[in-house]
Structure formats: structure tokens, C-alpha cells
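Here's the structure we're looking at; comments come further down.
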Amino acid sequence: MRTVDFAIGIGGENGQGIASTGDILARIFARRGLNLNAYNAYQSIIRGGHTFLTIRASDGPVRSMGDKIDVLIPLNQDAMDRHLKLLTAGACAIYDTEKVKPGTPAAGVQLCPIPMKELTKGNKLAANTAALGATLQLLGIESEPLEAVVTRQFKKKGESVVAENIAIARAGYDYAANNFKAFPFKVPKPGKGLGVITGNQATAMGGAAAGVKFYAAYPMSPATGVLMWMAQHARQLGIMVRQVEDEIGVMNMIIGAAHTGCRAMCATSGGGFALMSEAIGMAGMIETPIVCVDVQRAGPATGVPTKTEQGDLWQILGAGQGDFPRIIVAPACQIDLFKTIPELFNLCDKYQCPGLVLADLLISEGTSSINPDDLAFNVKIERGELILPNSNGASVKPGSGYNDNAYWRYKNTTSGISPRAVPGVPGHIYTAATDEHDEDGTLISDEFTNPHKRRMMVEKRARKMEAVVHDIAPPKLIGPESAQVTLVGWGSTEGVIREAVEKLAGEEGIVANQLPIKWIVPFHAAEITRILSRSKHVIMVENNYSGQFARYLRSEAGIAAHGHIRKYDGEPFMPHHIVNAVKEQLAGKTQLSVPVHEVLA
Amino acid sequence: MSSLTEPPAVAAAQPAPVTKDTYKGRIHPDWCPGCGDFSVLSALQAALFELGLKPHQTLIVSGIGCSSNLPGYMNTYGMHTLHGRSLAVATGAKLGNHELKVICTGGDGDGFGIGGNHFVHTMRRNVDLTYIVMDNQIYGLTTGQCSPTSIKGMITKSTPHGSVENPINPIPMAIVGGATYVARAFSGKQKHMVEMIKGAILHKGFSLVDVFSPCVTYNKDNTYQWFNPRIKILEEMGHDPTDMHKAIDRGYQWGEEIPIGLFWRRSELPSLEDQEPVLHTGEGPLAFRPLGLSQEQGKALIKELL
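Protein chains in written order, with the working numbering: chain L, 498 to 1098; chain A, 370 to 675.
What follows is the structure, given as C-alpha cells:
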């Protein structure tokens, strides 16, 4: 049962401590057992600019940042000017009396000016803490949780800083109690405490659970969080973590490590992925399993480094010259990232091919609450036909280590999968070559370019993919089959589409269902065709300009959507964007809707 | 279409005695007759034999180019990777299984041209790798274009009026770049080359052996005949390989007298692997360790999120 659903927006400049203020709030809500989602719209500068963090919390499911702000905390005039006009009756704005002038709010919006200088005794850095105290008071949350989290946050800075911040938080709390009108609801404490996780943390933890022993990266927003988590936990978990000279080196290095038998992984964004392309082909050719995460951001080229997009689909589909098997998956949210990485490693080990993950800034830098019970670290680990020297793999074949020609690394089997020995195993010597090679690894060009062998090896590798589709879950239709409209999305849009579907039913009387698609390659074309051929009206929702997935759906399933909702302004969808677009499309006004992002207008 | 065939059955005979030929691969090199790379291949096989390295514990990693075909001609584990990427792949392999002897081979275009970035960074990391460059100062496999080590003025298919660019000199570059064993050899002096390669393999840290390996087909300037009278062996000249400045001076020497031998060595610096505690937990190579986390490790990670 959903009893509360509220959102707090904190706006200001980079460097004003917005992220840490958001962390404190998120932790307080999660510890109470509330579900939450936090999204930070920020700029690629270290100081200045405009940043707007939205944290939405509820005792019901929270799958997106939602549509409204209940508490606005503008830390500067710019933030007040941009966001006050979006507040509606019942909302409030908490700000520094001296620093920010409010303007005219809509009727029913409560202005909450606080004399920050007085409350913080002149400590400019602590204004956020006072605003936090006031916010909690208005939400009907006791002050103790804030004190606990403030202690956690400032512990490293010493006792006096902790004590000062607790006093300031309390002053903000008391000031609000005496001067402002609290919300009509009190935020409940629904039960078991939850954790807080970003998608990048979830990705890294999924890798650790899968048994990643080698992680390499070149720093690139919005994927750097994975590197930071890995670097921090490397020694504790026994993971070799390297920052490499460029992404070309990253991919080649993880292939080297994977070739010796390690589970090896990297994460980057579209630009870094572009540099990795040729080496991904190498992983396909020498049949070495690796996992690479592309945390998409707005492109092309450097694009908008701190903004989200689903613009890399075709880059990933076509990465590397030539044809070779690859597995591509687009997880929907933070917990899905955690669960998908080990599953993908198992598939890549089994099929000896590269595995590519399409994440994006929205879910990877975005924060979500997480139930600790959902973080199962005892994941299933299956390494396929791997031969390690210490019987840690599937089989051990003895050999003298000298002149043993009985092992063919690229043996042409009926499944296309050839038992994979790694360097160090006696009696299995071979050369893994990026040139086309024979079953024993000999370069085909060494004898003469043999068209029959070339054909056999192309087919051997390709044949592996025939079975993969049976190992992955087909997409499922969510909602009534007889709905008026079916919203199709892929990857990170699953949550916001789900909320739009609920809104359409609850507020507009429109019955919609949704088909979220996660596995891109291989593609469950038959099942998707079966589902969508029964749909009355198919609308494709995606975060890019050209409808990349719509095109893919046409090429793989022969299905052309009736309409499209696309957004390519760098910001994610909000539920009402989709609701309004569906309404206009069902009314026959357009087949292509491009919602405007009002929040940062 | 070929049918699904089985590899030939091998009789469980007594292993043959180990000889230099043990290190020869199944395939005969397809290099041009007279290519300097034959000498390098033979010297490498001799070095491995003399050091008693086990073929299955040796990994030879190459890039792309004539000389990068070398791993296929060896009876050791091999990787024939992408153009310019051998050092990056080899670094990953060495860290994945630090008990392997990892040797990289390639050409001057592969290492100093397209792979230049990895060359610089692998040196400064002092990864325990041996890098043998068959430097013929020309692009052979692409049929004779200018290389990063082609001398100024050289006429090639891509520089018909003579190259106007200054060449890279890998010896001083490696010395200042952080390589801890820097040697040069010449295909015409195979015994000397064997010693240079053995020293490089035994050295703990990044070792470079830059070999003048003449291209008899496309480089008509830097031929055996051109090198022979010019080559002087540092070991016979009283050179002190622990003197960095003299090593750099010797490295720049070019013209009537061109030194080969060990220019520079320092042994007091730890390698990258030495400095990574993850490799020294007593659990052996990363590649062979059990996967997954313990319940305690999982619990600790979850606690961080609360």
C-alpha cells in the first residue's frame, strides 16, 4: 500500500555539496525502509554551473524520479528562478533568507525562508545541513536519523565537525517546527531498513560476485564509478585493477587476462567503447570470453558527458569488423545490473565470446534503494568447457608439455564450442590468432588461403549463437493483453514506462501494457513477434533521436511500431512525458512525440 | 565442407628428450628467404632451450606484421593479436598468470608506430615482460612503406621523394621511458643475440631487445652488407650498462660505428607484479583461483550500502 510518495529537489552549483546532501537524505529514507530513486542532472564542470538532484521516496515501488517536486531546496538564486515555477499547491521551498529571493510562487506553495547565517553561526558549508533538518521536520521524520547519518558522513572530519553539523541540523529542524507548516502526512517507517546503491556500484558488485579477477578501465563519465569501486575493493577481494593508457589498451589487456583463464571485465562510455571495437573482434576471433559495459551518454563524439541517452545501440551491434558472435544485454535498473553481470559471464564462458552490456547514465549514476536480501552474492558460476591446469575447470587432460599435437583449440564441434585450454596447461599448446586459423590454431594463410577451411571456421563460430537464445529469458508482456496500446522499451526505460502505464490507467482511463526488452543479441524475435502482432497499437519509447531500437525491431522481427516517443535532450523520460505523448498519439495527432524537458527549461 | 574430424591420436610414448628443436612449431616460417627474422626465431628457440623453459609455461605474444607471425613457428603457447597491441595483451596475460614467462615479439611499425602508446606505458610500469622487436626499418607485410625507424631521406613506396621525418631511436627512448633492460642485437650476430635474449628473459622487469633484422625484399638501404662493417659489440668496448648517460650516448651512436649489446640495465627496481599485493596472497595465479565471494565478503559489501 502506497501511503506517501514525495520528492525533494536540491538545486545549485557544482561544488555546493548537493551530492552529499542527497546521499544523506537517501540514506535516511532507505534506513526507514522507504523505496527511493535519485537522479542528478549535472554538468561536466567541477565548480559552478547548475545541478539539480531529485530524490523521490515512497513506501510503494519507486521506478523513476517521478513528475513532481514537494520540497525544493534552491541553494542559489538560479535554482530558485528555474524551479519555483514548477511547484504546485502543497509543495514548499526551503532557502536562505539572505541569499535567495523567492519570486512569486503558485497558489498554495509554502515559502520557507531560513536565516542560515544565524542558524549556522556563519559556517557557509553547513547551510545544506540546516536545510536538511528543516526538510525532515516538514516531512514528519524525527531528528535522530539525521544525526546518525550526519555522524556517518562527517566521521572522517573529526568529532568537532560532527558535533557542529548535528547542532546545525537540529537548529534547522527546530526553526522549521516553529515557523513553517508541516506536510499533512508523516513519513512512515514501513519496516526493514534498505540500502542505497548506484548502478555503477551494482555493476562492480555484480562483477565481484561473478568472480572477476581482472578489471581495467580508462576513466570516462559516466562509467568511472565502476573503476572507483573496483579500485577501492581490489585488495580486499583479490581483484587486479588497472588504470590503462587508453581504452584500446583496456580491452586488449582484459583479453590477455581472460585468455589465461581469469574472468575479466571493463566499463566505459560510448567514446571509449569506440576505441575498443577492433579488440572486441579479437575476442570474437580467438574465442576469449570478456564482459564490457557501455554506460551510454549523449553523443556523438564527446557529446554531453554528464547526460543520458540510448544512442549506442547500433555501435554495439556493429562493433568490430566482420561477423562474429557476441551477446548484448540492456539491464533495466540497478539491481538488474547486479544480477545480469554474473549471468552474462556464465554465457560468455559457455559460448566463448564477448558479452556487451548497454547501461546508461540514468541507471548507472542513478541511485536506488536496495533490499539487502536481493543482493545474493552466492551466484551460480558456470565456466563451460574450460581446461585449467589445477582441475578448477571442467576437465584436465594430462600431457607431457612437449610437442603434444593432440589438442585442437578450435576444434569444429557440432555445437561450435571447442574445449578451451589456457596457457600453463601441459599438452595443450596452441597459438590463438586473430588471423583466420584452422582447428589447431594454424593460420590458414600459412598454407594457402583455403576457402573451405575459412567457411568451416566462420560457421563454427557462428553456430555457437544458435543455442544462446535458449539460455536467456524471453521478454514478457506486463499488463492486460487486451490493452489499447503497447509501450515497447529497452533497457533503462522499463521503470518510467511502468509508471506511465499506471498513470494512464489511473488518471486518463487509458489501458496500456508494456513490453520491456532486455536481451538484444540474441533476440527473441519469435516471441516478440507473437506478442506484438496481437497488440492494437505499438508505441516505441526510447532515449535517442533516430529510433535505433525501432529500426532494430523492424530488421529482426519485421515489426514497425505505429508510433514513437523519443527524447534526445540529454535528460531521461519522466512519466508524464510518456502519458502526454500516448494521449496525443491515440488521438491521432502525431506518430512521433518528442517531449520537452520542463524541469531544466 | 570438412567433416567433424578428430585430432590425431598421440601414442603415450616416453617424452622425447628436450632439444632446441623441441621449441620449433609445426609450421615452417613463410618469411622471404634471407629474412633477418629467421635468425631471431632461431636465437629465441636457443635461448628458451638453454634456459630450460617449459613450452607450456611460456607464452609468446605478437602483434601484426611479418615478424609477428613468429608465435606460430614456436612450440610454446602463443597469441597472435592485433596490430600494435601485443604489449597490452601481454600485460593482461602476465597479470592473469604471473607464473608464465611472457615474451612479446613484433616489428618496428607494430611496436613504435601503431603500438607506441602501449610501448611507453608498458615500460614505465616495468611489467616483467621481454619485448623482442625485429626492427627492419620498413613496413614489409604491406609491401614497403616508411616505418617509424626508417632513416631520414629513405625512399619507400610511401615516401617516393625520401622521408622528411625523423626516426624514432628505440634505445634512448626505452632508457628514459623506464625500461630496466635495454639491448640491441643484429640478425647477423646470432650467438650474441642469444645472450641478449637470455639476459632479457632472466631480467625481472621490462626488457627490450631491439634487433636489426634486415628486410631483404623492401629495405635496400639497411642491408646485411650495410650493417656488417658498422656493427660494434658493446661488451667488447668496455661499456658499463649501469651508467645511464653513457648508455644514452651509445644509443644515439649511428653512422660508421653502430653499437649492439646491452646498453642499460637496472635491477633494483621492483616490477609491477612485485608491487601488487593481490598477486602475493599465496593462492597462485589469479587465473586459477576459485571464483565467487565468501559469505563474509558479501556481508561486508552489503554493510557499506546501509
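Cβ atoms here follow ideal geometry from the backbone N, Cα and C, with glycine treated the same way.
For the set Y446/A, S582/A, E419/A and S436/A, the Cα lying nearest the Cα of Q594/A is the one of S582/A. For C763/L, the uninterrupted beta strand (DSSP E) run begins and ends at R760 to T765, by DSSP.
Pairing S1090/L with R1063/L gives a Cβ-Cβ distance under 9 Å.
According to the DSSP secondary-structure assignment, I1062/L is paired through a beta bridge with V1038/L and S1090/L. Inside the stretch 972-1002 of chain L, DSSP marks whole alpha helix (DSSP H) runs of 4 or more residues at positions 991-1000, from first to last along the chain.
Within its own chain, the residues whose Cβ lies closer than 6 Å to the Cβ of Y904/L, once the five positions on either side in sequence are excluded, are H925, listed in chain order. A direct Cα-to-Cα measurement between T931/L and M954/L gives close to 12 Å. Taking K596/L as reference, the option from P610/L, A538/L, G587/L and A588/L with the minimal CA-CA separation is P610/L.
P828/L and P1013/L have their C-alpha atoms spaced approximately 10 Å apart. Here DSSP, grouped into helix, strand and coil, assigns W905/L to coil.
The three-state reading of DSSP puts N511/L in strand, counting E and B together. Between the C-alpha atoms of P851/L and I941/L there is a straight-line separation of about 23 Å. Contact with chain L is found for Y446/A, since one of that chain's Cβ atoms lies less than 9 Å from the residue's Cβ. Considering only beta carbons, no part of the stretch 819-851 of chain L lies closer than 7 Å to chain A. Contact annotation for Q644/A against chain L: no contact, minimum CB-CB distance about 12 Å [criterion: below 8 Å]. Neighbourhood of L420/A in chain L, by CB distance below 9 Å: empty, with the nearest CB roughly 15 Å away.
Our two residues, S865/L and L631/A, have alpha carbons roughly 58 Å apart in a direct line. In terms of Cα proximity to A1009/L, the closest of A1022/L, I1036/L and S1030/L is I1036/L. Look at Y1042/L: its C-beta is not under 9 Å from any C-beta on chain A.
Look at L456/A here: in three-state DSSP terms it is helix. A buried status is given to S1032/L, since no fewer than 16 other beta-carbon atoms sit within 10 Å of its beta-carbon.
Taking the Cβ atoms as the reference, I745/L lies roughly 5 Å from L772/L, within the contact range of under 8 Å. Nearest in C-alpha terms to D935/L, of all of K950/L, S979/L and N573/L, is K950/L. With a minimum length of 3 residues, the unbroken runs of beta strand (DSSP E) contained wholly in the stretch 384-468 of chain A fall at 427-431 and 446-449.
Residues of chain A whose Cβ lies closer than 7 Å to the Cβ of D743/L are, in chain order, N486. Nearest to T491/A by alpha-carbon distance, out of A462/A, A457/A and V502/A, is A457/A.
A distance of 9 Å or more separates the beta carbons of A731/L and F874/L. Residues of chain A with a Cβ closer than 9 Å to the Cβ of N537/L do not exist; the shortest Cβ-Cβ separation is about 18 Å. Its chain contains L451, H452 and D479 as the residues whose beta carbon lies nearer than 7 Å to that of I433/A, once the 5 sequence neighbours on both sides are disregarded; these appear in chain order. In summary, R739/L is buried, with 16 or more beta-carbon neighbours lying within 10 Å of its beta-carbon over all protein chains present. F549/L and I751/L have their alpha carbons spaced roughly 36 Å apart. L616/L and T632/L have their C-alpha atoms spaced approximately 15 Å apart. Using a CB distance below 9 Å, the part of the stretch 863-875 of chain L facing chain A consists of I867, P869, L872, A873, F874 and N875, ordered along the chain.
One alpha carbon belongs to I566/L, the other to E468/A, and they sit about 58 Å apart.
For the pair P517/A and I537/A, the Cα-to-Cα distance works out to about 6 Å. Collapsing the DSSP output to three states places A1078/L in a helix.
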